[in-house]
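Novice:
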Amino acid sequence: MEEQSDVLKKMGSRLTKLEEAKLKKAARAKIFDNEEVEDWVERDKANYERIKQFEKLTAKTIAMRKKMEKMQLAFRKA
-1 MEEQSDVLKK MGSRLTKLEE AKLKKAARAK IFDNEEVEDW VERDKANYER IKQFEKLTAK
59 TIAMRKKMEK MQLAFRKA
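With the numbering used here as the guide, the letters of the sequence shown map in order to residues -1 to 76.
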């Protein structure tokens, strides 16, 4: 029992040391050129448009599949 509490104390002290080390590290900020930012914006817009088109196509495909399933069920019943 005492061994477990000692181990837990050691783990706790190590965790606090790790947390302190993380806090001591200086935050780094990278400054980008306007051209880089504009390139990212263009890429983000293109990706957004591509994703929107994919979502529309997926929705159409799912709707078509449901319609086909209904038609197959109706055909089987007839």
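Quick reminder that beta carbons are idealized off the backbone N, C-alpha and C, glycines included. Treat the numbers as computed from the prediction; the structure is a model and nothing was measured.
(1) So, helix, strand or coil for D31, using DSSP?
(2) Is A57 helix, strand or coil when you go by DSSP?
(3) Would you tell me roughly how many angstroms separate the C-alpha atoms of D42 and A76, rounded to the nearest one?
Specialist: Well, looking at it:
(1) For the purposes of this step, residue 31 is taken as the residue at position 33 of the sequence shown. D31: coil per DSSP, three-state reduction.
(2) Position 59 of the sequence shown, counted from the start, is the residue given in the question as residue 57. In the structure shown, A57 sits in a helix (DSSP, three-state: H, G or I).
(3) Position 44 of the sequence shown holds residue 42. Position 78 of the sequence shown holds residue 76. Spanning the two alpha carbons is a distance of roughly 51 Å.
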